[in-house]
Structures are given as structure tokens and as C-alpha cells.
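The opening position of the sequence shown corresponds to residue 250 in the numbering used here, with each subsequent residue numbered one higher. A short write-up of the structure that comes next.
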Amino acid sequence: MQIIKRQLQDKLLRMAQKFPFVTLTGPRQSGKSTLARIAFPEYTIVSLEDLDMRAFAIEDPRGFIKTFPEHVIIDEVQRVPSLLSYLQTYTDQNPMDGRYVLTGSQNGVLMDAIDQSLAGRTALLTLLPLSCKELYEANLLPENEDIQMFTGGYPAIYAKDIPPIDYFPSYISTYVERDVRQILAVTDLLKFVRFIKLCAGRIGTPLNKSSLAVETGISVPTVDAWLSVLESSYIIYLLPPYFNNFNKRLVKSPVLYFYDTALACSLLEITSSSQLSTHFQHGHLFENMVINEFLKNYYNQGIKPCLAYWRDSNGQEVDLIDYTGGVLRPYEIKSGSTYQSSYFDNLKKWGPIANVPVENRSVIYAGVTPLATSQGSLIPWQQLIKQI
């Protein structure tokens, strides 16, 4: 089994020298437990997925802490959120950095417990599926963008050589349907599955809750609830609009994306990478894959990303605006592999409006040749590992 070095490891180790707790969140099966074990090989590992250990933590939290007083990895800690209050009291009385490493995959449940018990006492880090940079450094990054979109970044696919068509139906049944349904107490599974598939069909488009409600046969408040849990479970995210100091009529709905394009491909019933080139969602899936790389790059450095998009009522748009660190960097994302000067049209219009210099404007495309044009940089998708 190949072990792939995770970029977040260095940040994880540094934070364990500064805080009594380090909390590692992210999607199910993104590699949180594996990373914690590799980063802290001398730590004891306790999984609260284990029913006996969970019962011990619930029924006798003080005994649990006495048994595991320091240098402990607690997996799936959101299973026993009440434990965090006892851990907080114990570490306040017995201060020591790096005492506990906590992992969890249901962000909403975990964050509520942390806000109540561990605020200011824990470093919070997010581990998403493998980035293109991580795959490149492991000699696993494909040359073809469609293969990368179809395969995605979940570590088990690479470590165990599992075909995506075998991995994701099981992932959806085991984690998405089970975990999310448990939180929401969904009684109509068919409607919920339809809802997730409809979300996959809306990748890259402004969110229309009323349309989702009508097509799924549920209410708008139910759409809100289901979207919220899919977000907190790291299945989807909503890219917000950027409308700072503009005098135009702007689209103010967020755009929906998936944290992993291969999961979206499975929901869209795409069974091979060769289907992607003619699929109606090809361009939006490519766009989704590229934006995911920005997210992963920042989260792997322990930085909260500031990303948005811009679109006015006339359809003029900029696919991605990165303003992390306070500098505006707009990007257009094109799934074509041959350069066209029209790729820069929206950036040419938007750049002066937002006062963004040419050197900060870029187009990311599916080709292989980088170009420094008079309108901005043309970046092949594979070179994102060097450019962001």
C-alpha cells in the first residue's frame, strides 16, 4: 500500500507544539486518521467508532481521561461531544501542549462542541482529499484532466487501487446516506438521493433553492436543512458572490460545488473518464476541480481561504476571485485545451472595474502550454501545483 505524504503534516506537527489540542476535520475517508498516526507514531490511538470505547467515554469520562491522560489520538470525537468538556477541565488543570489530537468528520456537531468547550485551546485544521500537488509528488497525477476529474482525490482509491466506479457507490451508501440521514432523520431515502444527484447536476451554477425544492418534492426550508448538513459533512460547498463596491446589478446567490469531482461524477452516473468530454457538466466539473485545488492549497497551509465569484445580471462573470491576503486575483477557468484570445474577455472587462492589474489576471485551461499574454497569464491546469 502506497503512503502519500500529506502537505498538512508539517502544519499539524507545528500546531501540536503550541496548543494542548489539535483538531483535524474533513470529509469521511479523507485520510485524517492515517495522517494523525503518521505524524504522531508514539501516540495511543482511540476510536470512538468502537462501541465499547464510545460507551466508556460516555459513561465514565473521568475514567477515560485517567486511562488516556496524554499523547492520545481520539478518532471520530464528534461521537461523544460531551467528552470535550471533561478534556477541557483536565487540560486546564494539567497544561501541556500536544496532549490530544482530535479527528472528526461531521463538522457541524464537532464545531458546536469545540465552540462550547475548546475555544482558544485547540488549533483547527482541515484535511480535504488529495490535492494535485500531493498526487504529483507521489507520481500519481494523470496527464489527462478527465481522468483526474473522474478519479478524484480520496486516498483509498490510490492506496488500494480501487476503481472509482467501485469506490463511490459504496462511499455514498456507507457515509453520505448513513451519516447525513442520521443527522437529519430523513425518512424518504429516495427523495434525499434525488436531492444529492440534483445538486451534482447544478455544479457551477448559482443556487436556486426553489427549483431544487420543486424538483425534489420538498419544501424550501428542507432544502436549507439538507444543504446545511451536506456542507458541514464536507460533501458540498457554496462559493459566495463578490460584490464589493460595484454599482451594477449582481447575482447574489452562491454557486454550488462538490469537494470531490469524482463523487459528483458518481452521482451523475458517469462510469468512465471517456464519457466526460461530451457530458453536459464537463466544463463545470473542470471548473469545480480547479477551484478545489485553491481550497486544498490554503487548507493544507492552515489558512482559511477567501474565495468568491462575480456575475452580473447581464451574464458577465469571473469564475473565481481569490482575495486571500487582501490582494484580488481573478481567474477564468476554461475546459478547452486550445488557447483562444476570447478566454480573457471577461477579465478584460472586469479588471478595470475592480482595479486589478493585468499581472494579477489569469486563465486556467485544460491545455499544456503556459503563456504570458498582454491580457494576463494562461496557466495549464497541471501547473496549478506551482502557481498557487
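Cβ coordinates follow ideal geometry from the N, Cα and C atoms, glycine included.
Annotation: isoleucine 582 to isoleucine 307 spans about 49 Å, alpha carbon to alpha carbon. The bridge partners DSSP lists for tyrosine 420 come to none. Listed in chain order, the beta strand (DSSP E) runs fully inside the region 262 to 333 are 270 to 274, 293 to 296 and 321 to 324, counting runs of at least 3 residues.
The continuous stretches of beta strand (DSSP E) do not include tryptophan 630, and DSSP gives it neither H nor E. Taking C-beta separations shorter than 6 Å and ignoring five residues to either side along the sequence, the partners of leucine 384 in its chain run Leu390, following chain order. The region 280 to 299 makes no contact with the region 413 to 420, as fewer than three CB pairs between them are under 8 Å. Following the DSSP letters along the chain, one finds serine 460 inside the alpha helix (DSSP H) bounded by residues 458 to 465. Judged by their CB atoms, glutamate 392 and tryptophan 630 are not nearer to each other than the 8 Å cut-off. A Cβ-Cβ contact shorter than 8 Å links asparagine 537 with threonine 510. Where alanine 434 is concerned, there is no enclosing beta strand (DSSP E), because DSSP gives it neither an H nor an E. Partner residues in the beta bridge of isoleucine 485, as assigned by DSSP, are Phe507. Threonine 573: not part of any beta strand (DSSP E); DSSP gives it neither H nor E.
Taken through DSSP and simplified to helix, strand or coil, isoleucine 613 comes out as strand. Shown here for glutamine 258: same chain residues with a beta carbon closer than 8 Å to its own, the five before and five after excluded, namely Leu284, Ile287 and Ala288 in chain order. When DSSP reads this structure, proline 579 sits in a beta bridge with Ile570.
The Cβ neighbour count for serine 611, taken over all protein chains shown within 10 Å, is at least 16; the residue is labelled buried. In the displayed model, valine 358 falls within a helix according to three-state DSSP.
Under DSSP, the beta-bridge partners assigned to threonine 622 are Gly625.
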